[in-house]
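Novice:
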Amino acid sequence: MNDERRADEPRVAGRVIFVGAGPGAADLITLRGLHALQQADVVLHDALIDLALRRHAPQAQWIPVGKRGYCASAAQTEINAQLLRHAARGAVVVRLKGGDPSVFGRLEEELEALHAAGITTEVVPGVTAALAAAAGTQRPLTRRGSGRSVALSTAVTRDGELAAGRRADTEVFYMAGRKLTELSRRLLAAGWPADTPVLVVSRALWPDQIASEHTVASLPSASVLHAGRPAVVTVGVGAGAVGGMPLRADRPQAAPRSIGP
Ligand code: SAH
């Protein structure tokens, strides 16, 4: 966009389009998300997105604002301020978030800040990590007759505590990768039987996806395999194999019982 607007030119209202980039690989974005990128003047993006998406918005200014639990983080208030600043000067801003913006994406805070300033917003959904893990391992989250409900949970509460309950037939935990031992303990305490199937999938649907199967009791043994990688932990009915199909172990870089997409 052109910042050197003439004084008598009517001010064009900026807007912010929140776009779910999907779980990683660039081709998992929706067509609507792609169209939003093509119109963007500015793209504020998370750390976990595939930068191959840049070629769909070469005209835009790309600004990383990634926050990861264990990396240097840009404070949320700073992200809100940047969204406001660019939209207020008339830019079409795409806020590109990993997975789906509505799932553990701090969308609420950003929408609140923009709505308070009267800025128009739109949300384009994306493939959330739980769905990517199910697809990447061919293990459906719901099962006819036995798996009638799915819960998406974060294992980590606001004050950094780990929490786990038993709210659904299948429960998918986000942000638990570094606390699998504690998660196992909490799941047992919440009443999940020790032999309940558990699936851990890291970098779901990336070429280097790793998936491994465990039980609630043996979950701590997954820690090393998935160390330092974004992972979801699926517990319960949806973690089980379909028709006895084992996880494929055909990725040279993956450990035994690990798979690629
Ligand atoms: N909005 C995102 C979630 C952001 S929270 C979504 O809808 O997916 C970040 C957490 O998402 C990570 O800690 C991890 O638990 C999970 N995650 C993101 N990408 C992932 C991937 N490709 N594979 C497995 N887990 C992933």
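Under the numbering used here, the sequence shown is numbered contiguously, ending at residue 1064.
Where is the CB? At the ideal position from N, CA and C, for every residue including glycine.
Quantities reported herein were computed from a predicted structural model and do not represent experimental measurements.
1. Quick check: what's the CA-CA separation for residue 968 versus residue 867?
2. Which residues bound the beta strand (DSSP E) around residue 899?
3. Take the Cβ of residue 827 as the centre, count every other Cβ of all protein chains shown within 10 Å, and call the residue buried at 16 or more, exposed below.
4. May I ask whether a heavy atom of the ligand SAH can be found less than 8 angstroms away from the beta carbon of residue 900?
5. Quick one: complete alpha helix (DSSP H) runs, 4+ long, within the segment 944–980?
6. Heavy atom of the ligand SAH less than 8 angstroms from the Cβ of residue 1010, yes or no?
7. Could you check whether the Cβ of residue 886 sits closer than 9 angstroms to any Cβ belonging to chain D?
8. Check whether the segment 967–987 and the segment 1019–1030 touch, using three or more Cβ-Cβ pairs below 8 angstroms as the test.
9. May I ask you to check if the CB of residue 830 is nearer than 8 angstroms to at least one heavy atom of the ligand SAH?
10. Please report the residue range of the alpha helix (DSSP H) in which residue 922 lies.
11. Touch check for the segment 1011–1029 and the segment 953–969: three-plus C-beta pairs under 8 angstroms?
12. In the DSSP output, which residue or residues are listed as bridge partners for residue 770?
13. Residue 833: beta carbon under 8 angstroms from a heavy atom of the ligand SAH?
14. Is residue 973 closer than 9 angstroms to residue 902 when the C-beta atoms are compared?
15. Going along the chain, which residues of its own chain have a beta-carbon closer than 6 angstroms to the beta-carbon of residue 950, five neighbours each way excluded?
16. I'd like to check one pair, residue 1001 with residue 985: are the Cβ atoms closer than 9 angstroms?
17. With burial defined as no fewer than 16 other Cβ atoms inside 10 Å of the residue's Cβ, what is the status of residue 830: buried or exposed?
Specialist: In short:
1. The straight-line gap from Cα to Cα measures roughly 34 angstroms.
2. Where residue 899 is concerned, the enclosing beta strand (DSSP E) stretches over 895–900.
3. Residue 827 is buried by the Cβ-count criterion.
4. Short note on residue 900: C-beta closer than 8 angstroms to some heavy atom of the ligand SAH.
5. The segment 944–980 contains no whole alpha helix (DSSP H) run of 4 or more residues.
6. The nearest non-hydrogen atom of the ligand SAH is 8 angstroms or more from the C-beta of residue 1010.
7. Going by chain labels, chain D is absent from the structure shown, which holds only one protein chain.
8. With contact defined as three or more Cβ pairs closer than 8 angstroms, the segment 967–987 and the segment 1019–1030 are in contact.
9. Remark: the C-beta of residue 830 is outside contact range of the ligand SAH, defined as less than 8 angstroms to any heavy atom.
10. Neither: residue 922 is in no alpha helix (DSSP H) and is coded neither H nor E.
11. No: the two stretches stay apart, fewer than three of their Cβ pairs being nearer than 8 angstroms.
12. The requested residue 770 does not occur in the structure, where the chain is confined to residues 804 to 1064.
13. Every heavy atom of the ligand SAH is 8 angstroms or more from the Cβ of residue 833, so no.
14. Taking 9 angstroms as the Cβ cut-off, residue 902 and residue 973 do not qualify as a contacting pair.
15. In chain order, 972, 973, 1040 and 1041 place their CB closer than 6 angstroms to the CB of residue 950, counting only its own chain and leaving out the 5 sequence neighbours on each side.
16. For residue 985 and residue 1001, no; Cβs fall outside 9 angstroms.
17. Exposed, because fewer than 16 other Cβ atoms sit within 10 Å of the Cβ of residue 830.
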